[in-house]
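And the structure:
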């Protein structure tokens, strides 16, 4: 994780010129639940925002690139990611908004940027907004394998527990040997934090106590 002190002061100046990220004020409407979710959707879950070198010099170089090239979507999104990791949530939100404003649904970066932005929002405590970002991806006609568990996690945190259980049930229907128990969580969800896997385990326990029928 990039510490706050490693983020250049220029981040703030860059972000001030970006449009603010829109919040999902109302309850997020998710895509219609499907029976199975077999699509690996590798293009979405690519770690495109991770830097190989996480040093002050590397972040400073990234900042200078974004200053020189406002159209540099990937670099802007990378900078947004590290701003949010460093606790500069407002700066990160504005930089993400700037990056997303320059691409549309046909751009290969749209889905991975939205997906990563969702995780940064979730880990900043903006769970409803995170779910909104993920829901936009799911509404584009994809039945991705990440959707049931990720949606279930966010829904449970939001207190929408019945919905969370229904989505978790979709994961079990799709891969029963993987999701019927919590035994493989560490292997299946290596990028999740311990507390996130623990929350999903609560969903799994609720599902196991009363598995919903399909449809």
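Numbering (my numbering), first residue to last: 143 to 357. By construction, the Cβ of each residue, glycine as well, lies at the ideal position given by its N, Cα and C atoms.
- Taken through DSSP and simplified to helix, strand or coil, residue 350 comes out as helix.
- Here residue 326 is exposed. Its C-beta has fewer than 16 other C-beta atoms within 10 Å.
- By the neighbour-count criterion, in which 16 or more other beta carbons inside 10 Å mark a residue as buried, residue 264 falls on the buried side.
- For residue 220, the enclosing alpha helix (DSSP H) stretches over residues 215 to 227.
- Selection 221, 211, 245 and 286 evaluated against residue 236 yields 221 as nearest (Cα-Cα).
- By the 16-neighbour rule on beta-carbons within 10 angstroms, residue 308 is buried.
- Bridge partners of residue 181 according to DSSP: 286.
- In the structure shown, the three-state DSSP call for residue 356 is coil.
- With fewer than 16 other CB atoms across the displayed protein chains lying within 10 angstroms of its CB, residue 281 is exposed.
- Under a 10 Å Cβ-count criterion, residue 249 is classified as exposed, with fewer than 16 other Cβ atoms of the shown protein chains found around its own Cβ.
- Counting C-beta atoms within 10 angstroms of its own C-beta, residue 204 has 16 or more neighbours from the protein chains shown and is therefore classed as buried.
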